[in-house]
Ligand code: HAS
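Numbering (full-length UniProt numbering), first residue to last: 1 to 544.
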């Protein structure tokens with residue numbers, strides 16, 4: 001396959017650089033809020049803790065991820081589906097980029113003006129400026145345009161290659177964007193139908209349970225929208241980097257399809273402690289939550305198989321001999337591998353959260369904050385960091401130098417140490433009852449709250465180390481942009497010669513989308529009707 005067509009590089013780089021700019025600003029907010037919470041600093045009177053928390057959540061969880069993912073998927077789709085973006089796909093990509101960017105700038109300005117301190121989940125009845133919701137709508141619309149560009153490229157490729165199986169990277173990109181399009185319908189309805197009219201004052205009240213349900217209809221698949229691009233790297237790119245092969249193409253495709261089916265009808269597991277939803281529907285969605293664990297277990301199995309087969313082919317012996325032949329000194333492997341390793345305890349934490357009784361112990365505590373810092377901020381973020389070390393050189397026509405590679409290994413270690421301290425403290429103090437989403441307080445020197453303080457200080461220390469990690473990755477991105485010119489291959493793994501042929505039905509989109517929609521209707525129709533009938537409405541509150 002010929003290497004990356006660099007005329008598409010600008011679109012990819014524009015997304016990646018925007019993502020890292022968001023990471024930098026979000027990282028500053030994150031470090032400051034950690035220090036406030038640990039009691040180490042006091043903010044100037046005109047900056048609020050919750051304002052920083054909102055900026056941090058929006059920039060890290062929504063902006064860094066979405067831009068990075070779209071840039072990464074566009075690169076892979078361009079490379080594997082014809083070697084060049086169609087003019088229409090590229091136009092849609094740029095239109096999406098600018099729409100999202102206008103939305104992001106408006107959103108960040110409104111947050112910094114203190115008019116949208118509603119955190120990244122923007123729970124009603126907290127009421128932000130209408131411009132905040134308009135900004136969110138623009139980000140979603142922009143991401144849809146980019147998604148259409150990816151679908152268009154895929155459709156054209158299928159038409160010109162009617163009997164061929166699509167490349168695995170492209171297939172996975174289509175599933176990821178499909179999941180995103182179906183999931184964002186929920187948040188789009190919430191924002192456009194409920195929050196914008198309410199925040200403009202056109203209606204007096206908002207249906208609170210309904211708005212939160214629509215948010216979590218989107219909010220849970222959102223986490224798989226973050227995870228699946230990391231899985232693309234683990235399934236497709238890592239085998240190439242370690243000099244091995246993809247264990248099974250069909251297993252990889254099936255696991256992605258299972259995400260499409262089971263990642264959406266599960267939002268109630270974020271609302272298990274909320275009134276207004278019957279226990280039966282919560283129970284049903286918990287069962288489906290346990291189904292969505294299956295494709296991750298399949299992924300773990302597949303990765304172990306890839307590593308093991310690679311080790312055996314290189315003469316490794318014994319149960320863990322395969323570990324010795326892995327390229328530990330190559331940051332393109334090391335950073336994503338640390339992400340995989342950490343995903344084992346991170347995923348176990350998710351299974352704890354999903355268990356109804358245990359959710360009662362951890363819900364709304366810092367445990368949950370610890371959980372998502374391990375999942376998205378470590379497993380996913382480290383994988384994204386690992387990707388830039390080959391993606392930027394590939395699309396800009398440069399090479400990864402040994403010096404940048406070394407700096408990347410150091411950055412990965414710094415990130416892991418910072419996260420171990422911060423997320424470890426969050427998990428522990430969460431179990432001791434410390435709530436999430438609060439600024440510094442000792443609750444009138446309550447003995448329980450005093451007990452939490454050393455952990456809060458440790459969180460601040462971890463946060464400062466992580467901020468050093470942010471500076472290091474930004475430095476590495478800049479170094480990559482200035483690296484010596486040269487050719488870097490786009491690393492796409494080949495499937496093991498012993499793998500079974502991939503069944504064609506895995507590419508019957510109508511079938512899979514139909515099952516996904518049926519499951520969504522099954523899990524949500526009756527609860528939504530209940531919510532519309534037994535309306536619990538509230539006026540808006542500005543609590544900050
Ligand atoms: Fe979660 C809350 C349940 C995965 C993110 N989650 C959150 C929130 C976020 C988030 C952001 O049921 C907070 C939202 C908020 O602000 O309120 N989560 C789960 C479950 C999973 C899960 C069951 N979460 C994720 C991922 C995220 C993420 C992934 C981001 C990317 N989560 C919950 C629940 C809540 C929740 C409840 C609500 C809590 C509450 O009460 O508020 C599962 O998908 C996890 C399955 C994962 C595995 C691990 C597989 C391991 C692999 C690695 C293999 C390693 C190798 C290397 C091969 C089963 C694939 C080995 C090498 C060696 C040397 C050994």
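All C-beta atoms, glycine included, are put in the ideal place defined by N, C-alpha and C. Owing to the predicted nature of the structure, the values given are computational and were not obtained by experimental measurement.
Q | Supposed contact pair residue 419 and residue 366 - C-beta distance, whole angstroms, cut 8 Å | A | Translated into the one-based positions of the chain shown, residue 366 becomes position 366. Translated into the one-based positions of the chain shown, residue 419 becomes position 419. With a Cβ gap of about 14 Å, residue 366 and residue 419 do not count as contacting.
Q) Using the rule of at least 16 other Cβ atoms within 10 Å of the residue's Cβ for burial, across every protein chain shown, is residue 498 buried or exposed? A) Numbered from 1 along the chain shown, position 498 holds the residue referred to as residue 498. Under this definition residue 498 is an exposed residue.
Q. Where does residue 126 fall in DSSP's three states?
A. As a first step, residue 126 is located in the chain shown; it is residue number 126 there, counting from the start. Here residue 126 sits in strand by DSSP.
Q.
DSSP three-state label for residue 84, please.
A. The count along the chain shown starts at 1 and reaches residue 84 at position 84. Secondary structure at residue 84: coil, using DSSP grouped into helix, strand and coil.
Q. How would you label residue 487, buried or exposed, when you count the other beta carbons within 10 angstroms and need 16 or more for buried?
A. In the chain shown, the residue the question calls residue 487 occupies position 487. The residue in question, residue 487, is exposed, as its Cβ has fewer than 16 Cβ neighbours within 10 Å.
Q: From the DSSP output, in three-state form, read off residue 536 for me.
A: Here residue 536 is taken as the residue at index 536 of the chain shown, counted from 1. Three-state result, residue 536: coil.
**Q.** Beta carbon proximity, residue 397 to chain C, threshold 9 Å
**A.** Among the chains of the structure shown, chain C does not appear; only one protein chain is present.
Q: For residue 353, count neighbouring C-beta atoms within 10 Å of its own C-beta (all shown protein chains included) and say buried if the count is 16 or more, exposed if not.
A: Within the chain shown, numbered from 1, the residue matching residue 353 stands at position 353. Counting Cβ neighbours within 10 Å, residue 353 comes out buried, since at least 16 surround it.
Q | Buried or exposed by the 16-neighbour rule on C-beta atoms within 10 Å, applied to residue 173 | A | Looking up residue 173 in the chain shown gives position 173. Buried: at least 16 other Cβ atoms inside 10 Å.
(Q) Taking a contact to mean a Cβ-Cβ separation below 9 Å, would you say residue 386 touches residue 336 in this structure? (A) The residue labelled residue 386 in the question sits at position 386 within the chain shown. The residue labelled residue 336 in the question sits at position 336 within the chain shown. Cβ distance < 9 Å, so residue 386 and residue 336 count as in contact.
**Q.** Length of the line joining the Cα atoms of residue 310 and residue 492
**A.** Your numbering for residue 310 matches position 310 in the chain shown. Your numbering for residue 492 matches position 492 in the chain shown. The straight-line gap from Cα to Cα measures roughly 16 Å.
Q) Excluding five sequence neighbours on each side, which residues of the same chain lie with their C-beta closer than 8 Å to the C-beta of residue 451? A) To locate residue 451, count along the chain shown from 1; it is residue 451. These residues qualify, in order along the chain: 432.
Q: Give the secondary structure of residue 242 by DSSP, where H, G and I count as helix, E and B as strand, and everything else as coil.
A: Looking up residue 242 in the chain shown gives position 242. Reduced to three states, the DSSP call for residue 242 is coil.
Q. Out of curiosity, what's the CA-to-CA distance linking residue 494 and residue 248?
A. Counted from its first residue, the chain shown places residue 494 at position 494. Counted from its first residue, the chain shown places residue 248 at position 248. C-alpha separation (whole angstroms): 10 Å.
Q) Do you know offhand how far residue 372's Cα is from residue 6's? A) Position 372 of the chain shown holds residue 372. Position 6 of the chain shown holds residue 6. Between residue 372 and residue 6, the C-alpha separation is close to 35 Å.
Q) Regarding residue 359 and ligand 1, is the C-beta to nearest heavy atom distance less than 8 Å? A) If you number the chain shown from 1, residue 359 lands on position 359. Flag set: Cβ of residue 359 near ligand 1.
Q.
Please list the terminal residues of the continuous alpha helix (DSSP H) segment that includes residue 308.
A. In the chain shown, the residue the question calls residue 308 occupies position 308. Taken as a continuous stretch (DSSP letters only), the alpha helix (DSSP H) holding residue 308 covers 279-313.
Q.
With a threshold of 8 Å (Cβ to nearest heavy atom), would residue 224 be considered close to ligand 1?
A. The sequence position of residue 224 within the chain shown is 224, counting from 1. With a threshold of 8 Å, the Cβ atom of residue 224 counts as near ligand 1, since some heavy atom of the ligand is closer than that.
Q.
Using only the alpha-carbon positions, how far apart do residue 294 and residue 223 sit?
A. Stepping through the chain shown from its first residue, residue 294 is reached at position 294. Stepping through the chain shown from its first residue, residue 223 is reached at position 223. One C-alpha to the other measures close to 16 Å.
Q. Based on the DSSP secondary-structure assignment, which residues constitute the bridge partners of residue 446?
A. By 1-based counting over the chain shown, the position of residue 446 is 446. Looking at the DSSP output, residue 446 bridges to nothing.
Q: Throw me the rounded Cβ distance for the residue 145 and residue 89 pair, which I believe falls under 8 Å.
A: Numbered from 1 along the chain shown, position 145 holds the residue referred to as residue 145. Numbered from 1 along the chain shown, position 89 holds the residue referred to as residue 89. Contact doesn't hold; Cβ gap of about 10 Å is too wide.
Q: Helix, strand or coil for residue 213, going by three-state DSSP, please let me know.
A: Residue 213 sits at position 213 when you count from the first residue of the chain shown. In this structure, residue 213 counts as helix in the three-state DSSP scheme.
Q: Would you mind reading off the limits of the alpha helix (DSSP H) that contains residue 10?
A: In the chain shown, counting from the first residue as 1, residue 10 sits at position 10. Where residue 10 is concerned, the enclosing alpha helix (DSSP H) stretches over 9-37.
Q.
Within a Cβ cutoff of 6 Å, which residues of the same chain sit near residue 308, ignoring the five residues on either side of it in sequence?
A. As a working note, residue 308 is residue 308 in the chain shown. The answer, listed in chain order, is 322.
Q | Residues near residue 379 by beta carbon distance below 8 Å, same chain, minus five either side | A | Within the chain shown, numbered from 1, the residue matching residue 379 stands at position 379. Within its own chain, the residues whose Cβ lies closer than 8 Å to the Cβ of residue 379, once the five positions on either side in sequence are excluded, are 227, 230, 339, 340, 342, 343, 346, listed in chain order.
Q: Please name the residue, chosen from 129, 125, 124, 96, that lies closest to residue 112 on a Cα-to-Cα basis.
A: Residue mapping note: residue 112 aligns to position 112 of the chain shown, counting from 1. Nearest option by C-alpha distance: 129.
Q: Would you kindly check if the distance between the Cβ of residue 99 and the Cβ of residue 59 is under 9 Å?
A: Indexing the chain shown from 1 puts residue 59 at position 59. Indexing the chain shown from 1 puts residue 99 at position 99. Cβ atoms of residue 59 and residue 99: not closer than 9 Å.
Q. For residue 207, which option in 193, 149, 217, 219 has the closest C-alpha, if you only look at C-alpha atoms?
A. By 1-based counting over the chain shown, the position of residue 207 is 207. The residue with the shortest Cα to Cα distance from residue 207 is 193.
Q. Between the C-alpha atoms of residue 359 and residue 47, what's the straight-line distance to the nearest angstrom?
A. The residue you call residue 359 lines up with position 359 of the chain shown. The residue you call residue 47 lines up with position 47 of the chain shown. Rounded to the nearest angstrom, the gap between the Cα atoms of residue 359 and residue 47 is 33 Å.
Q. With a cut-off of 8 Å, do at least 3 Cβ pairs link the segment 410-418 to the segment 39-53?
A. no
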